[in-house]
Amino acid sequence: IVVVENILRHRQLGHSLIESAKRGASEVGLAVSASTTTTLVVFVPMFFMEAGRMSVFMKELAIPLAVSLLGSLLIALTLAPLTMSRMKERGAPLRERLHLLREQGGGGSGIIHFRMFQGILHLYGYVLNAALHRRFAAFVLLAAVLVLTYRVPFTNMEMQEMPRLDTREVDIRVEFDQNFDENMATDVFNRLENELDRRRDLLGIKNVFKFYNASGGKFEVYLYTSDDGPEWDSPLYSTNDVMDILSRQFPRFMPGVELTFSIADAERAESDESVAVQFRGDNSARLQRYAEAFRTYMEQIDGLKDVKTDVEKSSQEMQLRIDGDIAERAGVSPLVVAQTVDAALRGARLPYMKQGGREIPVWAQFQEENRKSKENLDNIIVIGEGGRPMPVNQLVNYSKALSPSSIHRYNGKNTVMVSATATVERLNRIKYELTRLARMFDLPAGYTIELSEHLAELESNWFSFTTSLLMAVVLVYLVMASLFESYVLPLSILFTVPLSFIGVLWLFFLTGTPFDVVTLIGCILMVGLIVNNGIVIVDHINQLRLRGLDRTAAILQGGRDRFRPVMMTAITTILGCLPLALTTSGGGVTFQGLGRAVVGGMTVGTILTLVIVPVVYSVLDDLTAWLRAFLAGLVRRSRPVIS
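Counting from 1 along the sequence shown, just add 46 to a position and that's the residue number in my numbering.
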């Protein structure tokens, strides 16, 4: 776009086709090369990034984009000028047609479009001239916009780890107490299925699958999708709405039944992010008390639901406590009692039985009917000292107690997990609240509390993004400094980076879009794209100044000359990303945030770049002139006076 537009501008100035092609391509060759290079170098930090999802996405995006950009640069500097130099004009030369167009007083869409463009260009020139003569006011206004952006969208920024892929499926997990049998489980599932059937038409339920046994089960509720007809392109209730309605209207206080609602996701077993806090220590009972206390605090955090500990579903068990004095007099060791009871109830592995060239595993175990009650256990005989038989009931005391379904250890420490289902868009706030609570929670020595790896991954993604962004900005600056042979000019162009993030933050805030891994990659990509506009403008201003124009005239003329290619480049980039930004279903949702980041950043960044970059250029030019004069004065003062 930049090369072709510059060739056409030279044709409008009256040069021949070949001369216009030569001058047009050579004038902007440095600018388009720098623009392409700055877009490519933002992907260099990925080679220094730790392994993770962000690194994988960056590498998958970088290779095709690099090939496309290099091919585009090659075509722009070779085939585009060649093609333009061979395109013969019809009728009057372009310069004469434009002159006639200006002289005509009305009629024709071409005249209307020309006058509209001239009006926009005149308005831009007026705004740019006003900003150059009132630089302090321009910076005050920009500072106010930055402060407002920080106070509103930035402080309300939402984050998630990965974008959610909506599969239009709601899962309902059902857990039973240990006293449930198959008939009771069937009754509960039939009752819940009837509740779903009553709401099929209202919620758009297509199919319902159920799987269960005596310990629990699951409903998979499939909703109608766009594949089922155009009427389902915009359903009355979203998947999240259906989940909320079911969770509110379903019976939540059925005795011995616990229901958990979630949205199925193609990327995860459960799409609603599960966040957890892990307690570690030696005493399991104390850990459970700490976990229960912390759970009450977690239930008060907005965005968390279904808060529970991993010891809540403990089952009752019969415990045998050996009477030490009686066992010692009988000559029975506790190990013998434990091994005997274990062999009776769970069985003992015997040597393989060889038969017909095969080895058959053999287990010795009490019959099923002899393992069902405490009375059967009482009749187990333990051989004591001297071969004296002793029944178990004379050696032990029985008691009932809760037993965890599993015992978790980490580095030799007992652990208890407090988990909850979190709203994915509020993970950053939830992480902040959990961190604050963990710091306030008083634990004795030897006991610790840590956030789950999932929340740590969120912090890791943000750290990777910040590091990659800073490295990208530094690399972009180095590329521009080497191409422009100046350390000052690139600073005026880099000013476009914070300007572009104004658009990103406001668009995400207005559309309710959370930041995620793919979105952060889009922000890094936008750094390489947004500086292209500043490069084109500043490079042309420098060329005009080398031809003899004073600084203000060169800035105004450069802004007007580059207004059309800058706007064309920005608009084509925005339109190219618009389908991604607007998609609401299918696999494209994964890259929705990337599209919105580029659209928001390019829209606001381009508008502000056309005005702010020239103003910053003038300020830096003044500072450079003052610094040179200051250093020259120091040199003169340091020279000895020869009389």
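Beta carbons are placed, not taken as given, at the ideal position from N, Cα and C, and that holds for glycine.
What you are looking at is a predicted structure, and each value in this text was computed from that prediction instead of being measured.
Helix, strand or coil for D352? Go by DSSP, reduced to three states.
D352: strand per DSSP, three-state reduction.
Out of N425, F185, G263, which has the shortest C-alpha to C-alpha gap to L654?
Among N425, F185, G263, the Cα nearest to that of L654 is on F185.
Among A390, D424, Q401, M436, which has the Cα closest to the Cα of E414?
Checking every option, the nearest Cα to that of E414 belongs to A390.
Identify, in the order they occur along the chain, each residue of the same chain with its Cβ nearer than 6 Å to the Cβ of A67, setting aside the five sequence neighbours on each side.
Same-chain partners within the cutoff: I53, P127, M130, S131.
Mind checking W409: buried by the 16 CB within 10 Å criterion, or exposed?
With fewer than 16 other Cβ atoms within 10 Å, it is exposed.
First and last residue of the alpha helix (DSSP H) that includes P544?
From DSSP, the alpha helix (DSSP H) with P544 extends over 542-557.
If you compare alpha carbons, which of V464, G60, A190, R642 is closest to L566?
Per the Cα distances, R642.
Based on the DSSP output, what are the partners of R597 in its beta bridges?
Its beta-bridge partners do not exist; DSSP assigns none.
In this structure, how does DSSP classify I251 when only helix, strand and coil are distinguished?
Residue state, collapsed to three classes: strand.
Near L640, what residues of its chain come up, given a Cβ to Cβ distance below 7 Å and the 5 sequence neighbours on each side ignored?
Answer for L640: V564, T565, I567, G568, L626, listed in chain order.
Check whether the region 175-185 touches the region 658-676, counting contact only when three or more Cβ pairs, one atom from each stretch, lie closer than 8 Å.
Taking 8 Å as the limit for Cβ pairs, the verdict is that the region 658-676 does touch the region 175-185.
Applying the 10 Å Cβ sphere with the 16-neighbour rule, what's the burial state of R367?
R367 should be labelled exposed.
Can you give the beta carbon distance from V321 to F340, rounded, assuming they're within the 8 Å contact cut?
Actually they do not touch by this definition, with Cβ atoms about 13 Å apart.
So, do the region 542-559 and the region 665-676 have three or more beta carbon pairs nearer to each other than 8 Å?
Touching, no.
Could you tell me the distance, in whole angstroms, from the CA atom of N229 to the CA atom of L238?
The alpha-carbon atoms of N229 and L238 are separated by roughly 14 Å.
For the alpha helix (DSSP H) that V657 lies in, which residues bound it at each end?
Looking at the DSSP string, the run of the alpha helix (DSSP H) that includes V657 is 638-684.
Under 8 Å Cβ to Cβ from Q346, same chain only, skipping five residues before and after it: list those, please.
Taken in chain order, the list of residues that qualify is empty.
With burial defined as no fewer than 16 other Cβ atoms inside 10 Å of the residue's Cβ, what is the status of A312: buried or exposed?
Unreliable positioning characterises A312 in this predicted model, as indicated by a pLDDT of 44, which lies under 50. The coordinate reading is nonetheless provided below. By the neighbour-count rule (16 or more Cβ atoms within 10 Å), A312 is not buried but exposed.
So is N578 buried or exposed if we call it buried at 16+ other beta carbons inside 10 Å?
So N578 counts as buried.
If you draw a straight line from the alpha carbon of R608 to that of A671, how long is it in whole angstroms?
Approximately 26 Å, taken between the alpha carbons.
Just to confirm, are G651 and I576 a CB contact at a threshold of 8 Å?
Yes.
Give the C-beta separation of D217 and S308 to the nearest angstrom, bearing in mind that I take them to be a contact with Cβ-Cβ under 8 Å.
That pair is a contact at about 5 Å.
For F637, count neighbouring C-beta atoms within 10 Å of its own C-beta (all shown protein chains included) and say buried if the count is 16 or more, exposed if not.
Label assigned to F637: buried.
If contact is defined by three or more beta carbon pairs under 8 Å, each pair taking one atom from either stretch, is the region 419-432 in contact with the region 382-398?
With the cut-off at 8 Å, the region 382-398 and the region 419-432 touch.
Along the chain, which unbroken stretches of the beta strand (DSSP E) at least 3 residues long are found entirely within the region 474-537?
Runs of the beta strand (DSSP E) inside the region 474-537: 494-497.
Measuring straight from C-alpha to C-alpha, what distance separates T83 and L174?
Using only the alpha carbons, I get a separation of about 28 Å.
Is F200 helix, strand or coil when you go by DSSP?
Note: F200 maps to helix in three-state DSSP.
Nearest to L20 by alpha carbon, out of P544, P490, A527, V534?
Absent from the structure is residue 20, since the part of the chain shown begins at 47 and ends at 689.
Taking Cβ to Cβ, would you say D369 is nearer than 8 Å to N439?
Their beta carbons are not under 8 Å apart, which means D369 does not touch N439 by this criterion.
Would you list, in sequence order, the uninterrupted alpha helix (DSSP H) runs of no fewer than 4 residues that lie entirely inside the region 107-136?
As far as the region 107-136 is concerned, its whole alpha helix (DSSP H) runs of at least 4 residues are 125-131.
Whole angstroms is fine: what's the gap from P276's alpha carbon to R475's?
Approximately 38 Å, taken between the alpha carbons.
Identify every run of the beta strand (DSSP E) within the region 162-237, keeping only runs that are complete inside it and at least 3 residues long; order them along the chain.
Runs of the beta strand (DSSP E) inside the region 162-237: 212-222.
Is G60 helix, strand or coil by DSSP?
Here G60 sits in coil by DSSP.
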